[in-house]
Each structure stands twice: as C-alpha cells, then as structure tokens.
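Taking it in order: structure first as structure tokens, then the write-up.
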Amino acid sequence: MLASIYKALGVERGEGKMVALLVTQSFFIGVFNINLVVAAETMFLQAFEPDMIGLAYMFSGVAGIIMAAIYSKLQSAMKFSTLAFFNFLTIAAATAGIWYGLTISDNKWLIFGLFLMMGPLLLIPIVGFSGMVLRMFSLRQGKRLFGLVDSGMVFGIIIVGFALPVLLKMLDSIKDLLLISAGGLFIALLFQLIISKIYNVDENQETEEKKDEQEEKGDDGYLKIFTDPYIRMMALFVAVTMVALFFVQYSFLAVTKAQYPEEVDLAGFLSSFTAAMMILSFLIKTFVYSKLVKTYGLKVTFLILPLILGLFTVGAVISGHLFGFDPAESNFLFFFLLVALSKLFSVALKEAIQNPSFKILYQSLDKKIRFGIQAKIDGVINEVAASVAGGVLAIIALISFIGLIHYSYILVFIIGAWAWISIKLYTEYQDSLKS
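The sequence shown lines up with residues 8 to 442 when you count with the working numbering.
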C-alpha cells in the first residue's frame, strides 16, 4: 500500500524514507512559521497603527541582510550539517527568548522588535532547509519532489491554523504562541540531526572542496550576481516579487485591522486565513503544479502569479472607486474582500508554483557556485528587497493624501515590471541550459 502511495506521489524506489523525513521536518517548520506570524502580527496591530508597518519592514530588511550575509559566510566556512544544526538551534532559542522578554515586560517596543525580526526569523530556517534539499536531490528528482517536500510545511500551517482559534481560548496570552513556535522549530532540529546522520548532506560540499584543491574555485561572490545575466535576472525576479508581496501585505494588514479591531478576533481571523491560504496552496501544488510544468513549462509558472495578482489588484482599484475604500464606509467590505483575495492567491501561488519552480533554476548553475548563489539570492537579495519595500512604504505613509487605494495603484506598475522580468528570466534560463 505504501509503495502505491509513493508511486502516486511520483516517489521512486529508494526515495521514500528520505522524502518522508524531509516532509516531516518541513511540517514542524510550518508549525514554527504560523505561530510566530500570528503572534507577531496580532500584537503589532494592537500596539501600533498601520503607518508603522513600513518602518518596521525597512529595519526588518536590514536585520535580515545582516543575518543572511552571516549565514552565507558561514556556509562557505563550515560543513553544512553543522551550520544547519546551529541555524535551527539559534532561531528556536531566539524565539523562546523573545517570549520570555514579553512575559517580564509590557513595553510595546518589544512587540515592535518581534515584528521587525519576524521576517529574518522565518527566512533563515527556510533558506537552510532549501539548501539541504538542493544538496540531496538531483535536477531530475527536484522537478518531481520539490513540491512534495514543501507540502509538509503547508500541511503544518493548515492544521495549526484551524486549531489556533480554539487554542487561543486555552492560552493566557497571544504571546504564548511564541513558545509553541519555538517548540516546533526545536522538533525540526531533531529531524535535522536524523537526516544528517542517515544522509551525507556534506558529500557535495566535500567533493567540491577536494576539486578546488586541483582547480580554480568557482566565483560565487556578490559581483557574480551583477555580472552574470542569468543570475542577475534571478536576483531581480526575487527582488520585485518581494516588493510586490510587501505592498499586498501592507494593504492586507491595514484593512484587516479595520475589519477586526478586537485582539482575539484578529488573531483568530489571521490564523484561519493563513490556513485557508495553505489549503489552496496544497491543492494547487498537489493537483495543478506538475501538470502545469509538464504542459506549459516554467515560463507560464513564473507569469501566472503576477497575472492573477494583477487582476485582483485592478479589481480592488475599481471596487474602491465604486463602493469606497474608507473603513468608515458601509461598503468597505467589498474592498476588504478583494485585498484579502489578493493576499490569499499571492501567497498560495508563490508557495505552490513559484517557489518550487524557482528552485529548479538553481540546478542549471555550476555546482561550484550553486549553493553560494542560492544562499545569497534567497537570503541577502531577498532581505535587501524587503528593506527597500519597507522604506518605500514608510515614505508613502508620510504623505497625507495617500489612501489605501493608492497602494493598489503603485502595485499595478510593480506587477507590470514583474511580468517583464519573468519573461526575461525564462529566456536566460533557456540560454543557461544550452551553455
């Protein structure tokens, strides 16, 4: 029976145990993810006005750049299995430390610090997990299994997301979700130890180090990102994606706070909404992604998210003008729904289609630079874009006549650039395969 399940999922002989361990580990990363997000966003929106979101994202990006740069540097200086262990341990300990700080102090700037660090705390474990998956799968395996492995994280978010409204009634405070979050990542750490013991995830790194003694080391520095056309387009694609999604996130949090002013209601909505996003992501990843790639190729998988997000954004602009976008207006619900749908589909499609497709792009890079470039793009470039997006949002918030609908106007232009970069990226990918 188990063999039949593996066959249906596209898992070949000898891959079952490896996939099962990775899926389970990603499940607990998902548990860490949703508890941290719901706690941080709920407490922030209760303590601060939405105008502070951009400022927090700007400093969050700076913190993420520093953490990602440190991770990238350590990746080339130590064995990956050792780095992955300390990666999970440090983030789990930091999350638990923030929880402890909030239990002994009611200073709202601690909440600001939590929201500021939320992005980097979420990013680094995922970068580490992605790096391990890249080391364990070949290009052929990756096309079949990247989506399946990531589904564990989706499933963890779904289960916890629907359980949180009930769990919140049992907890003394929203901040206690941080302790559950740290526990989830600690369990993921235990699976990291098991995987490292069974599978030699350092094998490729050790092999390349031996080769480097005999031949010139590959150039995976930051200059390579700007000089290599293919890698440059990968970096631009990640950057514009992040900027677009930050604009979506800002609008979503602003309208959600207006719609759900009470803390428990807000946390309950955020958790259930996140679970719904992951259900949609899981369905798309399970039943659509593979067929989409096989039938239409990577070009369509990169274009589908900006096109669909563009439709909802234009819809939000039209709705805002027809029915109103001010929370005080009676028809604000229409604008809220379209902004929420933008958030729903942007996250679901990114997780289910764009992320697995983007992992494939790394496989066409030379092994000597693949892992270094992956850490820099998924880490540093990602956080630079987050910081820029946060800075832009903070500046826009200072302009008095700017309303929620104007963020949608700006987003339309960002999505246009995103679609153009997607087409250019696919062209460079084809050239890289030929070379």
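We put the CB at the ideal spot given by N, CA and C, even for glycine.
query	result
With a threshold of 16 other CB atoms inside 10 Å of the CB of Y107, please say whether the residue is buried or exposed.	exposed
Do K264 and I376 count as a contact pair if the criterion is CB distance below 8 Å?	no
Do three or more CB pairs link the segment 172-181 to the segment 119-127 at distances below 8 Å?	no
Within a Cβ cutoff of 6 Å, which residues of the same chain sit near F39, ignoring the five residues on either side of it in sequence?	S188, G191 and L192
Kindly indicate which three-state DSSP category G317 falls into: helix, strand or coil?	helix
Locate the alpha helix (DSSP H) running through L287, then write down its first and last residues.	E270 to I291
Going by CA-CA distance only, name the one from A261, I166 and Y436 that's closest to K366.	Y436
Which complete alpha helix (DSSP H) runs does the segment 330-380 hold, if anything under 4 residues is left out?	339-356 and 362-369
Are the beta-carbon atoms of S364 and L305 separated by less than 8 Å?	yes
Three-state secondary structure (DSSP) at M124?	helix
Within 10 angstroms of the Cβ of D157, are there 16 or more other Cβ atoms? Answer buried if so, exposed if not.	buried
For the alpha helix (DSSP H) containing M59, list its first residue and its last residue.	Note, M59: premise wrong, no alpha helix (DSSP H); not H, not E.
Distance check for V255 and V69, CA to CA, integer angstroms please.	20 Å
Skipping 5 residues on each side, what residues in its chain have a beta carbon closer than 7 Å to that of G5?	Because the chain spans 8 through 442 in this model, residue 5 falls outside it and cannot be assessed.
Measuring CA to CA, which of I205, Q381 and M65 is closest to A404?	M65
Go ahead and pull the three-state DSSP assignment for M177.	helix
Span of the alpha helix (DSSP H) holding G423?	L411 to K441
What does the alpha-carbon distance come out to for the pair M85 and I380?	16 Å
Identify, in the order they occur along the chain, each residue of the same chain with its Cβ nearer than 8 Å to the Cβ of L28, setting aside the five sequence neighbours on each side.	F198, I201, I202 and I205
Confirm, please, whether the CB-CB distance from M241 to A392 is below 8 Å.	no
Could you give the distance in angstroms between the alpha-carbon of M275 and the alpha-carbon of L43?	The question names Met, but residue 275 is Gly in the sequence shown. Looking at the two C-alpha atoms, the distance is approximately 14 Å.
Three-state secondary structure (DSSP) at I111?	helix
Among the candidates I60, L109, W425 and I412, whose CA atom is the shortest distance from the CA of E246?	Note that residue 246 is Ala in the sequence shown here, rather than Glu. Nearest C-alpha to A246: W425.
Which residue's Cα is closest to the Cα of L186: K115, T308, A101 and G159?	A101
Take every Cβ of the segment 400-415, pair it with every Cβ of the segment 327-342, and state whether three or more of those distances are shorter than 8 Å.	yes
Assign G410 to one of two classes, buried (16 or more other C-beta atoms within 10 Å of its C-beta) or exposed (fewer than that).	exposed
Relative to the C-alpha of G398, which candidate in M50, I131, A54 and Y257 has its C-alpha closest?	Y257
Between F253 and K350, is the Cβ-Cβ spacing less than 8 Å?	no
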